[in-house]
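All remarks here apply to the structure that follows.
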Amino acid sequence: MPEPSPRPGCGAYIHHDVLPPTVCVAAPTVAGLRYYPHNRVAWLAFACDQHADELIAPRALLPRDCAVLARRRAHRDTELVGQRWTGEREAPLARGPAAERLIERARAWAALARDPNASGDSSPLTSDESQERHQGGP
Ligand SMILES: [Zn+2]
Numbered sequence: 001m002p003e004p005s006p007r008p009g010c011g012a013y014i015h016h017d018v019l020p021p022t023v024c025v026a027a028p029t030v031a032g033l034r035y036y037p038h039n040r041v042a043w044l045a046f047a048c049d050q051h052a053d054e055l056i057a058p059r060a061l062l063p064r065d066c067a068v069l070a071r072r073r074a075h076r077d078t079e080l081v082g083q084r085w086t087g088e089r090e091a092p093l094a095r096g097p098a099a100e101r102l103i104e105r106a107r108a109w110a111a112l113a114r115d116p117n118a119s120g121d122s123s124p125l126t127s128d129e130s131q132e133r134h135q136g137g138p
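Counting from 1, one number per residue, gives the positions in the sequence shown under the working numbering.
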């Protein structure tokens, strides 16, 4: 299976009765994780309000998320007009066991964040992702 390319928008699948599924193009309002078990990769992903619960550990957008979204849009727009993207190629946040650890931590954080008695710890996405990113993979 080819690695999924990061989507510039919400990207949730919308299922229809007759037509094949389409991809949601609503403006994203939250950032979180998507895990692709076939490839064992975790990607930074975005969703609109309606599809926020499809992400793992969704949180509010940060300024740097907007930069990521802008780059993904530029990448997509470049390829849509048949040109080759020469900008930065985005990599998954983590692969293999590192991806599974990241997802586990993100789920634990999300469970805590939902608990009104828990103290406001920061998202694993804001503290650990850069560290995971350097732990390599194939
Ligand atoms: Zn959506």
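Just so you know, even glycine gets a beta-carbon here, dropped at the ideal spot from N, CA and C.
Helix, strand or coil: how does DSSP classify residue i here?
i             : result
glutamate 129 : Any reading at glutamate 129 must be qualified, since the residue scores a pLDDT of 47, below 50, and its modelled position is unreliable; the value itself is stated next. Here glutamate 129 sits in helix by DSSP.
glycine 87    : coil
alanine 57    : strand
arginine 95   : strand
valine 68     : helix
proline 2     : Confidence at proline 2 is low in this model, with a pLDDT of 44, below 50, so its placement is unreliable and the value that follows should be read with caution. Note: proline 2 maps to coil in three-state DSSP.
For residue i, write down the residues that DSSP places opposite it in a beta bridge.
i             : result
glycine 82    : Paired residues: none, contrary to the question.
glycine 32    : Ala45
isoleucine 14 : Thr22
8 angstroms is my cut-off, CB to CB: does residue i come that close to chain B?
i          : result
alanine 12 : Annotation note: the requested chain B is absent from the structure, which comprises a single protein chain.
Just to confirm before moving on: does the CB-CB distance between residue i and residue j stay below 8 angstroms?
i           : j            : result
cysteine 48 : proline 28   : yes
proline 144 : tyrosine 13  : Residue numbering for the chain in the displayed model covers 1 to 138; residue 144 lies beyond these limits and cannot be assessed.
alanine 91  : alanine 42   : no
leucine 55  : valine 30    : yes
proline 58  : glycine 82   : no
proline 181 : arginine 114 : Coverage of the chain is limited to positions 1 through 138, which leaves residue 181 absent and any answer about it impossible.
alanine 99  : arginine 40  : yes
How many angstroms separate the CA atom of residue i from the CA atom of residue j?
i            : j            : result
proline 37   : cysteine 10  : 20 angstroms
leucine 112  : arginine 105 : 11 angstroms
histidine 51 : arginine 84  : 31 angstroms
leucine 102  : alanine 110  : 12 angstroms
Please check the pair residue i and residue j, which I expect to be a contact at CB under 8 angstroms, by giving their CB distance rounded to whole angstroms.
i           : j           : result
glycine 87  : arginine 71 : 7 angstroms
arginine 34 : alanine 26  : About 16 angstroms; that fails the 8 angstroms criterion.
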